[in-house]
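Residue numbers (the numbering used here), protein chains in the order written: chain G, 602 to 1053; chain L, 315 to 432.
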């Protein structure tokens, strides 16, 4: 075998975390006599609209997307993450993840270290939290600032002080003060509603699917958007990396969570990506759209680190990163994600790239520039190889076109993808997420639960 | 040279009105001629006002202002024709009608008719 062949990486931390009890009888015994708590969404500290639901973190932790994280973090772990972006077991990780409750709820519950708390979702038992520590966040604004960085502390990449216009910063600022730290275990597996059910490939299942398809090398495409042809070319061309041959598979992993008004509905995003392969633009046998539950923090380089962890855990060998990766506004340098993966960001604890530090990642970054339409070449062209003046394409430009009811030219959005957009437009009476969609989504979530 | 711009898409009716307003030479043909539009130039100050006034508005990688309400874009087209201008003055005239546009935007975010496609 050639020494240039790339092997699938082990999960981050060496093993996949799987904390899901599938035997209902065992689950019933585990929760007998335990206090219960109904999971509540995190509400915006001013407007009180939902900005996060911790159930998504519990799902992603227990199914292993965030391996080796196993639960809500202790105070020492959060402090270490904010200082060095490392867990207490040394493995790199970008964000604090906590189970937070109000002082009133804490008082009512009367729980403490050593107690087991049953977490209900939509009125049904969903998971347990084995409490190891109770601690208090002294200042959520300080936590939010430290989570994302400041121009003073992180001058390599942070360009503006974070504020309430940044949805990730708002999540941390809006947290309740009491943290119950400890491991989560899902004791009643939620059932995904269509269309999300067919895109649910938690890490073990994703790895099994790659085996079934004979994929040794897999490149991931991060998305929170309906794909335009620029995305399609990015996927196809980035996949030419690999080892002796181009990557065997292209994994599309859509982040599903709280939405912002103006985004496409999640349903249109996942089915839009599926339409790329049902339309034959990327062969079905080489393309797999999937989902991961997470309320985006929009932390650009930090978010890219989480993406690297999620996709390595899913079994990917490569990850494509572009300009303004998982960014909103101009808080970070446009290229901060690529800076992180090229050279590291010392002030965030990375004197070298995340792949070159101890207890780092194995997934290979594929830093890409942009594809846009070249009227001279008469095709989508790569910014670094095409020598002509090109017509830049942006998702927002397309959204504007769609909103005005103009069908995008097939050269920039495939008609099969536009059909999906219109299908969900008719369903929700609006092509994008409006207030009604955002509120209903957080009420209904992506899953239902059976009685236990 | 303006810092930012807003695209106004043109169908056949709009194309004629833009030509009659004497702006025909400003029409741009994009994506192999499949899309026709004019670009309204926006200064930094005016861009900030638009972003402040409409919370979904953002700028994209082309320096275009996007994600404004459809009612905003409709009014912008009318102001371009009325003022025979593709400059900041057209956008400032739209901003004067912000309250009206916000009302329309609230309604359009409840229901926007989907196009019928094959």
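Quick reminder that beta carbons are idealized off the backbone N, C-alpha and C, glycines included.
Under the Cβ distance rule, residue 380 (chain L) counts among the residues neighbouring chain G, one pair being separated by less than 8 Å. Judged by their CB atoms, residue 872 (chain G) and residue 778 (chain G) are not nearer to each other than the 8 Å cut-off.
With respect to chain G, the C-beta atom of residue 328 (chain L) has no partner C-beta closer than 8 Å.
By the 16-neighbour rule on beta-carbons within 10 angstroms, residue 774 (chain G) is buried. Judged by DSSP secondary structure, residue 965 (chain G) falls within the beta strand (DSSP E) whose first and last residues are 965-968. The DSSP-derived three-state label of residue 990 (chain G) is coil. For residue 823 (chain G), no alpha helix (DSSP H) segment is defined; the enclosing uninterrupted segment is the beta strand (DSSP E) at 819-824. Measuring C-alpha to C-alpha distances from residue 881 (chain G) to each of G:910, G:830, G:855 identifies G:830 as the nearest.
Separation of the CB atoms of residue 964 (chain G) and residue 912 (chain G) is rounded to 6 Å, and the pair is thereby assigned contact status at 8 Å. According to the DSSP assignment, residue 633 (chain G) belongs to no alpha helix (DSSP H), since it is labelled neither H nor E. With respect to the 8 Å criterion, residue 757 (chain G) and residue 948 (chain G) are classified as neighbours on the basis of their beta carbons.
Look at residue 775 (chain G): its C-beta is not under 8 Å from any C-beta on chain L. For the pair residue 826 (chain G) and residue 996 (chain G), the Cα-to-Cα distance works out to about 8 Å. Around the beta-carbon of residue 903 (chain G), 16 or more other beta-carbon atoms lie within 10 Å, marking it buried. Across the set G:938, G:654, G:840, the C-alpha of G:938 shows the shortest separation from the C-alpha of residue 908 (chain G). DSSP lists no beta-bridge partner residue for residue 429 (chain L). Taken through DSSP and simplified to helix, strand or coil, residue 663 (chain G) comes out as helix. Residues of the region 385-404 of chain L whose Cβ lies closer than 7 Å to any Cβ of chain G, in chain order: 387.
Neighbours of residue 1013 (chain G) in chain L, taken as residues at a C-beta separation under 7 Å, are given in chain order as 345. Buried is the label assigned to residue 891 (chain G), since at least 16 other Cβ atoms lie within 10 Å of its Cβ. Listed by position along chain G, the residues whose Cβ is nearer than 9 Å to that of residue 431 (chain L) are 1008, 1016, 1019, 1020, 1023.
Secondary structure at residue 784 (chain G): strand, using DSSP grouped into helix, strand and coil. By DSSP's assignment, residue 948 (chain G) forms no beta bridge with any residue. The beta-carbon separation of residue 718 (chain G) and residue 727 (chain G), rounded to 11 Å, does not stay under the 8 Å limit for a contact.
Cβ-Cβ distances below 6 Å link residue 395 (chain L) to 331, 335 in the same chain, with the five nearest sequence neighbours on each side left out; the list follows chain order.
Classified as exposed, residue 338 (chain L) has fewer than 16 neighbouring CB atoms from the shown chains inside 10 Å of its CB. Boundaries of the alpha helix (DSSP H) harbouring residue 418 (chain L): 412-422, taken from the DSSP string. With fewer than 16 neighbouring CB atoms inside 10 Å of its own CB, residue 989 (chain G) falls in the exposed class.
Note on residue 714 (chain G): under 16 other CB atoms within 10 angstroms of its CB, so exposed under the neighbour-count rule. Per DSSP, residue 651 (chain G) is one residue of the beta strand (DSSP E) stretching across 651-653. Taking C-beta atoms as the reference points, residue 668 (chain G) and residue 895 (chain G) fail to come closer than 8 Å. Counting along the chain, the unbroken beta strand (DSSP E) around residue 725 (chain G) starts and ends at 725-737.
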